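Okay, so here's the structure we're looking at.
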Amino acid sequence: MKVLKFGGTSVGSSDSIKQVKSIIDSQSEQVVVVVSAVGGVTDEFINAANLAKIGDNFCFDILSDVKEKHYTIISDLFTLEIAQGIKYKVDQLFDEVSTIIKGVYMLKEITRKSEAIITSFGERLSSFIVAEYISGATLFESQKYIITNEVYGKDSVDYDLTAENLNTIKDKLGDVSVFPGFVATNKNKELTTLGRGGSDYTASILAATYDASVLEIWTDVNGFMTADPRIISRAYCIDQLSYSEAMELSHFGAKVIYPPTILPVFKKKIPIRIKNTFNPEAVGTLINDEKEIIKDKKIKGISSISDVSLLTVQGIGMIGVTGISMRLFKSLAKDDINVILISQASSENSISVVIESSIANRAVELLQEEFAAEVALNQINNISVEKDMSVIAIVGENMKHTTGISAKLFNSMGRNGINIFAIAQGASELNISFVVKEKDLKKGLNVAHEAFFLSHYTVLNLFLVGTGTVGNMLIEKLKNQSETLLKENKLKIRIAGITNSRKMLFDKQGIDAKSITSELMERGEEANLDVFKQRVIEYNLANSVMVDCTANQIISELYYDVLNANVSVVTANKIASSSEYSLYQKLKATALSKGVKFLFETNVGAGLPIIAPLRDLVMSGDKILKLEAVLSGTLNYIVNTLSEDKPLSAVIQEAKDKGFSEPDPRIDLSGTDVVRKILILAREAGYAMEQSDIKVTPFVPQEYMDAPSLDVFMKEVVKLNDSFEEQRKRLVSEGKRLRYGAKLEDGKAEVGFIEVDQAHPFYDLEGSNNIILINSEHYKEHPMQIKGYGAGADVTAAGVFADIIKVANK
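For the sequence shown, counting from 1, position 430 maps to 444 in my numbering; every step adds exactly one.
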């Protein structure tokens, strides 16, 4: 024999009931079918009763709507003649519930007995319809056989008497027997209910009593998922759970099955199979007493409970005092307040419990009454409640005696800025539960799920700023490399937001890189950097990265708030790293303290790896003694291109036309870009320097730089052609070449022209290449040399891309 329980969605419409019939007809053995109320109907009956209690006659409209819902199902399932007979029986049931609701409406009060009767009608109606629809099925009224006792004000099943009653009809069970779930009767012959999840409980009692081969719970999901799929899009179905794992996941919010359901079948070792009514081919989740051992899968699932509050009793007067915990829980029990989680400091100076938020204020009142004397004596100095909290629980039998689970969990949470308010772990090591703010629930679940189920598959959520040449090049690289990164590096990069000076666009599920530019202009809202920053922070997505592909100072001013919100920053923008030393230190320190990345490799040398090797030397204990570098691809292009036929003014125009320089070449010619770069390198080398500390000789004299416009400058700079040509000829005759470079030595830095001979590494520096020589205590005789193409949007975008991947590898 099998016991099949069908939930509210499984009988929620005529099409669903047809699917139920198909599943039952496909069974090859005797079945007992337990039916829940039509989806949402029990809540509607409760709503009607509550409205009747306050004298709101809308309660009768609700009853009419519920009746019409059942009429529609009946009309769709049966012929007109048969439907009329079934509706007649349904009318009788509705007359009965209407009479009770009218009584509540007139008296303006509802008794526990009346409430139980009203809420029972959903199952009584649905089971009758299903039994009539399934050929040869026999309907048994569960309330005649399942008996409850009142224990501590609650109805508790009397298993012995219930088993005795059910066994009296065992021989009367046919091929298909239908029972309404949820309903029962107490020893006073009064109708009662089995509480939340009562239909599952009914099915479990029947399965245990009749020694069923399996209990199948048919619902609208494929089984227990690794996490809530409404929150975690990558959650997947768990093949097998132990009874203990299933109970833990259920207790902490997995609504697939309710904890009391498991107990009767657990005692008989009857397996439970969770199945999907709307996808019966899916294997589902098997729950039994076997402990599945899967290497590298220490966690089976993640559950959560939201809308809870953290209630804390604290005081040094509690230390060593017996009975505090007993009094706390006893006082809460007076009002039937359920405690979801308990956490106590080892010093005994505080106890925290998690309860439903709806009763948090009442709980505080109860504890204030209970501990009034201790509060007056300052033995207890605080009874506080924090609302808008959630509980996250990770569950798995394989956690037992396995080191590193907690470290992995809390390290992941910390890196993503999720503060943990309380922790609980039982001695069985089956469950680790912790309390977080409600706003961090989704992020916390995603972080935990990725850490334990998808550690081979990391998602980065990017927020791109800037769609100029570098930004567009980066988008192209993301577009071209996405499949390779996913396949070879198990890295999925998702663009969750993008902005330029005109428009901004957000999508938590990701914007397709292939169409992002057109989508930004078509669907984007008006750009606002403050709003953009707030969205990045408020979205609170795991592994978030803001990527700055601009040279905008206003954008660099967003970095601190973004880093402080546990969002990494990758930037090609030099301004923040070369501004005041205090800001540079603040940004670095914030990233370090928050466990995120602040990466700016492309600030110096575009795609060349310069900053990272320099940082590695310092972190390894090496001391940087001297830096020499050519750091401007634009200026190196100019000095390399100068010739008898190409004077300075012509080369400057050529560099501008080819895009090697800024639109206004004076920005490059001022030497400011080189100053910023050597300043960044000096700071990364461990020197606390400001821009004002650097001696600068501009590429062209300052009076030319002060020209009122670019056109005026280009006319005036012609006057320098002869002097640059004379210098070039002299250097050629001496076997030398001109370079515009930077130098750091003995804590002092300067930027200006350098004349180098053939023995110098700078001599053969071609085109717009960059080069840096690093002398350190480890590299005294032969400096570390890094050389290569150091300018251009393509290599800069490549460097930004490399930094993004470094964030994933943290």
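Note that beta-carbon positions come from the ideal geometry of N, C-alpha and C, so glycine has one too.
What you are looking at is a predicted structure, and each value in this text was computed from that prediction instead of being measured.
Nearest in C-alpha terms to Tyr701, of all of Ser675, Lys670, Val714, Lys640, is Lys640. Setting aside the 5 residues that flank it on each side, Arg690 is surrounded in the same chain by Lys588, Ser592, each with a C-beta closer than 7 angstroms to its C-beta; the list follows chain order. For the set Ala438, Asp725, Glu400, Gly337, the Cα lying nearest the Cα of Glu388 is the one of Gly337.
When DSSP states are grouped into helix, strand and coil, Met15 belongs to the coil group. Counting every other CB atom within 10 Å of its CB across the protein chains shown gives Val732 a total below 16, marking it as exposed.
In this structure, DSSP gives Gln393 a state outside helix and strand, which the three-state scheme calls coil.
In summary, Ser40 is exposed, with fewer than 16 beta-carbon neighbours lying within 10 Å of its beta-carbon over all protein chains present.
Here the alpha carbons of Lys762 and Val710 stand approximately 12 angstroms from one another. Annotation: the stretch 367 to 438 contains the following complete segments of the beta strand (DSSP E) (minimum length 3 residues), in chain order: 396 to 409.
For the options Ile231, Ala822, Phe59, Thr326, the alpha carbon positioned closest to that of Cys73 is the one of Phe59. With 16 or more other Cβ atoms from the protein chains shown falling within 10 Å of its own Cβ, Lys314 counts as buried. With a beta-carbon spacing of about 6 angstroms, Val47 and Ile38 fall inside the 8 angstroms limit used to define contacts. Secondary structure note for Phe92: it is in no beta strand (DSSP E), with a DSSP letter that is neither H nor E.
The beta carbon of Leu263 lies closer than 7 angstroms to those of Phe238, Gly315, Ser317, Val409 in the same chain, with the five residues before and after it left out. The continuous stretches of alpha helix (DSSP H) do not include Ser706, and DSSP gives it neither H nor E. DSSP, read as helix, strand or coil, puts Ser141 in helix.
Counting C-beta atoms within 10 angstroms of its own C-beta, Lys729 has fewer than 16 neighbours from the protein chains shown and is therefore classed as exposed. Note on geometry: alpha-carbon atoms of Glu383 and Ile351 lie some 15 angstroms from one another. The stretch 638 to 655 and the stretch 614 to 629 touch, with no fewer than 3 CB-CB distances between them shorter than 8 angstroms. Within the same chain, and ignoring the five residues on either side of Phe815 in sequence, the residues whose Cβ sits closer than 7 angstroms to its Cβ are Leu488, Lys491. A Cβ-Cβ separation of about 6 angstroms places Val405 in contact with Val322 under the 8 angstroms criterion. Setting aside the 5 residues that flank it on each side, Ser141 is surrounded in the same chain by Val49, Leu153, Val192, Phe193, Pro194, each with a C-beta closer than 7 angstroms to its C-beta; the list follows chain order. Fully enclosed beta strand (DSSP E) runs of no fewer than 3 residues occupy 558 to 562, 582 to 585 of the stretch 525 to 601, in order along the chain. In the DSSP assignment, the residues bridged to Thr152 are Ser191. Approximately 17 angstroms separates the beta-carbon atoms of Lys506 and Tyr553; this is outside 8 angstroms, ruling out the contact. Around the beta carbon of Tyr119, 16 or more other beta carbons sit within 10 angstroms, so the residue counts as buried. A direct Cα-to-Cα measurement between Asn179 and Ser28 gives close to 33 angstroms. Taken through DSSP and simplified to helix, strand or coil, Ile246 comes out as coil.
With fewer than 16 other beta carbons inside 10 angstroms of its own, Leu121 counts as exposed.
Excluding five sequence positions before and after Ile525, the CB atoms of its chain that fall closer than 7 angstroms to its own CB belong to Ile509, Ile512, Leu519, Glu533, given in chain order.
Residue pairing by DSSP places Arg753 opposite Ile768 in a beta bridge. By the neighbour-count criterion, in which a residue is buried when 16 or more other Cβ atoms sit within 10 angstroms of its Cβ, Gln599 is exposed.
Taking C-beta atoms as the reference points, Asn412 and Lys312 count as a pair closer than 7 angstroms. When only Cα atoms are considered, Asp707 and Leu325 end up about 55 angstroms apart. Checking the DSSP bridge columns, you'll see Gln523 has no partner listed.
By the neighbour-count criterion, in which a residue is buried when 16 or more other Cβ atoms sit within 10 angstroms of its Cβ, Leu355 is buried.
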